[in-house]
Amino acid sequence: MLKAKILFVGPCESGKTVLANFLTESSDITEYNPTQGVRILEFENPHVSSNNKGTGCEFELWDCAGDPKFESCWPALMKDSHGVVIIFNANTPSHLKEIEMWHSCFVQQQLLPDTQCLLVAHHKPGSGGDRGNLCLPSPLNKLKLVHSNLEDDPEEIRLEFIKYLKGIVNSVSESRDREEMSIIT
Ligand SMILES: Nc1nc2c(ncn2[C@@H]2O[C@H](COP(=O)(O)OP(=O)(O)O)[C@@H](O)[C@H]2O)c(=O)[nH]1
Ligand SMILES: [Mg+2]
65 MLKAKILFVG PCESGKTVLA NFLTESSDIT EYNPTQGVRI LEFENPHVSS NNKGTGCEFE
125 LWDCAGDPKF ESCWPALMKD SHGVVIIFNA NTPSHLKEIE MWHSCFVQQQ LLPDTQCLLV
185 AHHKPGSGGD RGNLCLPSPL NKLKLVHSNL EDDPEEIRLE FIKYLKGIVN SVSESRDREE
245 MSIIT
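Next comes the structure, spelled out in C-alpha cells:
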C-alpha cells in the first residue's frame, strides 16, 4: 500500500476544515473553531489507485491552521509532504496576496512540483456563486485552479479532488519505482 501526505493550507476561515471534513467524509463541525496547529485525517479513496499496479493508497490529510502564529510548526508540517492544496475565497481580495505566500513557503521552497499543488477557490454559502474571471498573478496562474461550492455543486469538487489524488498517487508510485531501480542498478 502506498502512503501519501497532503496538506490543506491557506488563509484563516477560508473553508479548509469544512472542505477537509467533506472530502474525507468526516463529521460536520457547525460552529467555527479555528484549527490549532494541525488536525490529521486519515482516509482511503476507493476510486484512487496507482495507474500501473492497481495498488491502493492510504492518505493523510493534514488540515493546517491558517494563523501565521503557528509558523514555527511549518517545517514539521511540510516535511515529507507529497501534495499541497491551497484553499482561499475568491471574493476576499486580501486572500490573493496570502496565497502567494503559502505557495512560496509550502511549494516553491520545498521544491515540490507545481503539478502536486492545487488551488481551490472555495465559495461559502451566501458569498455568491460568482466565479468572475479570477485573474491570478504569476506564478499562481500556472497552477491548477478549481472551484468548490458545497451548496450548489458538491460533486464538482469531489471529482476534482479524486483527479488530484490520482495524480499524487502516480507521482508517489513513480518515485518509488525510481528508488527501486536505483538500488538494483
Ligand atoms: N455551511 C457552510 N459553511 C461554511 C462553508 N465553508 C465555510 N463555512 C463556514 O465558514 C467557517 C470557517 O470555515 P473553516 O473550514 O473552519 O475555515 P478554516 O479556518 O479555513 O479551517 C465555518 O465555521 C463555517 O461556518 C460551506 O461550504 N458551507
Ligand atoms: Mg481550520
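In the working numbering, the protein residues as written are 65 to 249.
The C-beta atom is built at its ideal place from N, Cα and C for all residues, glycine as well.
* To do: Count the other C-beta atoms from every protein chain shown that fall within 10 angstroms of the C-beta of Leu-175, then say buried if there are 16 or more, exposed otherwise.
  => exposed
* CB of Val-102 to nearest heavy atom of ligand 1: below 7 Å? -> When distances are taken from the beta-carbon of Val-102 to the heavy atoms of ligand 1, even the shortest one reaches 7 Å or more.
* Asked: By DSSP, does Gly-231 sit in helix, in strand, or in coil?
  -> Gly-231: helix per DSSP, three-state reduction.
* Alpha carbon of Tyr-96 to alpha carbon of Gly-120, nearest angstrom -> 34 Å
* **Pro-132 Cβ short of 7 Å to ligand 1 heavy atom set** => In this structure, ligand 1 has no non-hydrogen atom nearer than 7 Å to the beta-carbon of Pro-132.
* Asked: In angstroms, rounded to a whole number, what distance separates the CA positions of Lys-80 and Ile-150?
  -> 8 Å
* To do: Kindly identify the DSSP beta-bridge partner or partners of Gly-147.
  => Ile-70
* Asked: For Gly-130 versus Gly-190, is the C-beta spacing smaller than 8 Å?
  -> no
* Asked: Which residues does DSSP pair with Phe-123 in a beta bridge?
  -> Beta bridge pairing from DSSP links Phe-123 with Ala-68, Phe-107.
* Just the C-alpha distance for Phe-123 and Pro-157, rounded to the nearest angstrom, thanks. => Straight-line spacing of the CA atoms in Phe-123 and Pro-157 works out to 32 Å.
* Of all the options Ser-113, Pro-110, Leu-66, Cys-128, which has the alpha carbon lying nearest to the alpha carbon of Asn-85? -> Cys-128
* First through last residue of the alpha helix (DSSP H) which encompasses Leu-87 -> Segment 80-87, the alpha helix (DSSP H) holding Leu-87.
* Asked: Closest by CA to Glu-258, which one among Val-233, Leu-209, Val-236?
  -> Nothing can be reported for residue 258, as the shown portion of the chain is limited to 65 through 249.
* Asked: Which of helix, strand or coil does DSSP assign to Ser-202?
  -> coil
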